[in-house]
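Protein chains in written order, with the numbering used here: chain A, 1 to 288; chain B, 289 to 393.
Cβ coordinates follow ideal geometry from the N, Cα and C atoms, glycine included.
Here the structure is a predicted model, which is why all the values come from computation and not from measurement.
This report concerns only the one structure given below.
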Amino acid sequence: MKLRSAIYLASATLAFAALTFASTLPSGAADKIDPVADAKAFQKFFTDKFPKVKYEDFVNGPYSMNEDLHRQWQEKEQFPPYEFSLEMGKEMFSKPFKNGKTYEDCFPNKGIGIRQNYPYFDEKEGKVITLELALNRCREANGEPPYSYVKDEMAALTAYMAFTSRGKPMDIKIPDDPRALAAYENGKEYFYTRRGQLNFSCATCHVQSPGERIRAEILAPALGIVNAMPIYRSEWSGMGTTSRRFTTCNSQIRGVPLSPQDDEYRNVEYFLSYVSNGLPISGPGARP
Amino acid sequence: MRNMTQKSALVLALLAAGAVSALAAGSEDEYKAAFAAAEAANKEAGKLRNQWTTTASTLAAAKKSAEAGDFDKATTSAKEAEALAKASIFQATSEKTRWKDMEIR
């Protein structure tokens with residue numbers, strides 16, 4: 001009986017202590033969604049961590065991390081390995097579908113110089129629309145089968161669209177819509193959530209350890225990481241889309257990847273693009 | 289007498305065979321139960337969008353051993369797969385709040 005009373009008393013004390021602690025937190029501060037403050041803090045984190053890196057250079061990923069790598073990047077850019085893909089994308093982009101229409105008919109400004117506005121939140125659908133998704137929807141709307149999100153055709157098309165937007169600052173909008181804020185917040189949650197048997201989150205590599213080696217690779221900073229997509233990776237001996245990057249990251253940490261363009265991936269791309277607002281589009285990129 | 293011995297040997301052999309098959313059957317049942325538990329846990333991890341590749345490969349290894357008739361090995365693999373799936377469930381559940389610790393503010 002005495003033991004039971006002691007347990008009740010201890011539980012009540014703990015509950016009271018927890019309530020007291022909770023009441024000392026600033027009200028609502030923990031849960032308020034504030035993308036503007038997030039982006040500011042995100043950018044400050046990286047500029048503080050790498051004070052020598054020129055701000056615009058963050059879009060060059062590992063090549064921005066030290067002088068040697070930066071030189072390698074400059075040399076690589078003279079004969080860029082993504083050039084074939086770029087040519088292929090340009091040709092594909094202007095080639096009419098069977099119905100006579102082209103990709104130009106699906107996008108604002110005929111698809112030229114608009115990469116910086118993707119992904120966007122579609123208020124009608126209530127979801128995030130990425131460039132890869134928009135391209136496949138364009139194909140389907142014109143009676144063409146969709147491309148694989150992780151293969152060369154999609155990489156070529158997005159490479160061309162990125163190339164026509166080079167230098168334009170990323171400009172992602174979050175409309176005044178609770179669903180858009182929720183999508184952004186879900187993307188943020190996905191970015192920081194540990195998963196896979198290795199217990200890594202996206203942030204483990206790209207926030208905690210950019211510039212460090214993971215085996216033979218130098219990790220890229222998360223800031224500006226999407227601005228360079230799609231990328232030619234020497235490790236892949238080929239081009240990779242944003243979808244390919246996300247799914248491969250998942251399997252590398254021993255997590256079963258979701259399907260490309262599942263909500264989680266669309267939302268995390270929305271979050272990552274928003275916090276990189278202002279940084280120039282540099283895609284297609286090349287990576288070791 | 290010789291007939292008796294032969295009969296006894298036959299009975300013993302049958303008993304032994306029975307015992308072995310009973311053991312084997314027990315082991316197969318144990319494997320089936322372990323495999324079902326692992327699959328159920330992995331399905332739950334799937335609902336949480338957090339399956340591990342190692343759970344899938346360990347489940348596949350369990351199935352392969354069972355098909356080869358090695359139910360002891362199959363059961364061990366199935367139990368390991370269940371432990372992996374449960375760990376992925378724990379991870380997904382605890383990360384529901386823990387992710388905020390890593391957030392840049």
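What's the call for D48 (chain A), buried or exposed, on a 16-neighbour Cβ count within 10 Å? D48 (chain A) comes out exposed.
Tell me the DSSP bridge mates of F121 (chain A)? Partner(s): A:V128.
Cutting at 8 Å between CB atoms, please list the residues of its own chain near V256 (chain A), excluding the five before and the five after it. For V256 (chain A), same chain residues with a beta-carbon under 8 Å away, outside a window of 5 residues either side, are N250 in chain order.
Contacts that T342 (chain B) makes with chain A (C-beta to C-beta distance below 7 Å): Those are Q197, R254, listed as they occur along chain A.
Contact residues within the segment 323-338 of chain B, judged by C-beta distance below 9 Å to chain A: Flagged, chain order: A333, G334, R337, N338.
C-alpha distance - T341 (chain B) paired with A369 (chain B), whole-angstrom precision: Between the C-alpha atoms of T341 (chain B) and A369 (chain B) there is a straight-line separation of about 10 Å.
Considering only DSSP beta bridges, list what A380 (chain B) is partnered with. DSSP output for A380 (chain B) lists no bridge partner at all.
Return the first residue and the last residue of the beta strand (DSSP E) that G238 (chain A) is part of. Run containing G238 (chain A): 238-240, per the beta strand (DSSP E) assignment.
Buried or exposed by the 16-neighbour rule on C-beta atoms within 10 Å, applied to D152 (chain A): Under this definition D152 (chain A) is a buried residue.
On the criterion of 16 or more Cβ atoms from any shown chain inside 10 Å, does A301 (chain B) qualify as buried, or is it exposed? Reliability fails at A301 (chain B), whose pLDDT of 43 lies under 50, so the model's placement of it is uncertain and the value that follows must be treated cautiously. So A301 (chain B) ends up on the exposed side.
Rounded C-alpha distance that separates K374 (chain B) from L198 (chain A): Inter-residue distance for K374 (chain B) and L198 (chain A) is about 15 Å (C-alpha atoms, whole angstroms).
With a threshold of 8 Å between beta carbons, is S309 (chain B) in contact with chain A? Confidence at S309 (chain B) is low in this model, with a pLDDT of 41, below 50, so its placement is unreliable and no value can be given for it.
Straight-line gap, P230 (chain A) to A354 (chain B) (C-alpha atoms, nearest Å): Approximately 44 Å between the Cα atoms of the pair.
Since R139 (chain A) contacts Y147 (chain A) with CB under 8 Å, what's their CB separation in whole angstroms? For R139 (chain A) against Y147 (chain A), the beta-carbon gap comes to about 7 Å, under 8 Å, which counts as contact.
For A22 (chain A) and S376 (chain B), what's the separation of their Cα atoms in angstroms? Confidence in A22 (chain A) is poor, its pLDDT being 38 and thus under 50, which makes the residue's placement too unreliable to answer from.
At least one CB of chain A closer than 8 Å to the CB of I392 (chain B): is that the case? Among the CB atoms of chain A, one or more fall inside 8 Å of the CB of I392 (chain B).
Buried versus exposed, by CB contacts within 10 Å (16 or more), S234 (chain A): With fewer than 16 Cβ atoms within 10 Å of its Cβ, S234 (chain A) is classed as exposed.
Taking all protein chains shown into account, decide if Q74 (chain A) is buried (16 or more other Cβ within 10 angstroms of its Cβ) or exposed. With fewer than 16 neighbouring CB atoms inside 10 Å of its own CB, Q74 (chain A) falls in the exposed class.
Of the residues that make up the segment 192-225 of chain A, which ones have a beta carbon closer than 7 Å to any beta carbon in chain B? Contact residues of the segment 192-225 of chain A toward chain B are Y192, T193, R194, R195, G196, Q197, N199, S201, A203, V207 (C-beta to C-beta distance below 7 Å).
Which bits of chain B does L258 (chain A) rub up against, with CB to CB less than 8 Å? Listed along chain B, the residues sitting closer than 8 Å to L258 (chain A) by beta-carbon distance are R337.
Could you give the first and the last residue of the continuous beta strand (DSSP E) run that contains Y232 (chain A)? Run containing Y232 (chain A): 231-233, per the beta strand (DSSP E) assignment.
With a cut-off of 8 Å, does the C-beta of S165 (chain A) fall near any C-beta of chain B? So no, S165 (chain A) is outside the interface.
Does the Cβ-Cβ distance between P284 (chain A) and L135 (chain A) come in under 8 Å? No, these two residues do not count as a Cβ contact at 8 Å.
Interface residues of chain B around A39 (chain A) at Cβ under 7 Å? Here the premise fails: no neighbours, minimum Cβ distance about 10 Å.
Please work out which residues of its chain come closer than 7 Å, Cβ to Cβ, to Y160 (chain A), disregarding the five sequence neighbours upstream and downstream, and give them in chain order. Counting only Cβ-Cβ distances below 7 Å, and skipping sequence neighbours, we find L86, G89, K90, F93.
Output needed for C202 (chain A): all residues of its chain with C-beta closer than 6 Å, excluding positions within five of it in sequence on either side, in chain order. Once the five neighbours on either side are set aside, the close Cβ partners of C202 (chain A) are F191.
Here's a check: name, in chain order, each residue in its chain whose Cβ is nearer than 8 Å to the Cβ of S309 (chain B), leaving out the five neighbours to either side. Legend: pLDDT at S309 (chain B) = 41, less than 50; position of this residue unreliable, value from coordinates given subsequently. Cβ within range, chain order: n/a, list empty.
Tell me, to the nearest whole angstrom, how far the beta carbon of A228 (chain A) is from that of G61 (chain A); I am working on the premise that it is less than 8 Å. Going by Cβ atoms, the distance from A228 (chain A) to G61 (chain A) rounds to 6 Å, so yes, they are a contact pair.
By DSSP, does G113 (chain A) sit in helix, in strand, or in coil? The three-state reading of DSSP puts G113 (chain A) in coil, since its state is none of H, G, I, E or B.
Extent of the continuous alpha helix (DSSP H) to which G285 (chain A) belongs: No alpha helix (DSSP H) holds G285 (chain A); the beta strand (DSSP E) holding it covers 285-287.
Compute the Euclidean distance between the alpha carbons of K384 (chain B) and G187 (chain A), then round it to the nearest angstrom. Cα-Cα distance, rounded: 13 Å.
Cutting at 8 Å between CB atoms, please list the residues of its own chain near S209 (chain A), excluding the five before and the five after it. Answer for S209 (chain A): L219, listed in chain order.
Report the residue from A:V36, A:N66, A:R194 whose alpha carbon sits nearest the alpha carbon of D389 (chain B). D389 (chain B) has its Cα closest to that of A:R194, out of A:V36, A:N66, A:R194.
Does chain B have any CB closer than 8 Å to the CB of E264 (chain A)? Taking CB atoms only, E264 (chain A) has a neighbour in chain B less than 8 Å away.
For G187 (chain A), name the three-state secondary structure that DSSP assigns. For G187 (chain A), the three-state secondary structure derived from DSSP is helix.
First and last residue of the uninterrupted alpha helix (DSSP H) at F46 (chain A): Per DSSP, the unbroken alpha helix (DSSP H) holding F46 (chain A) starts and ends at 35-49.
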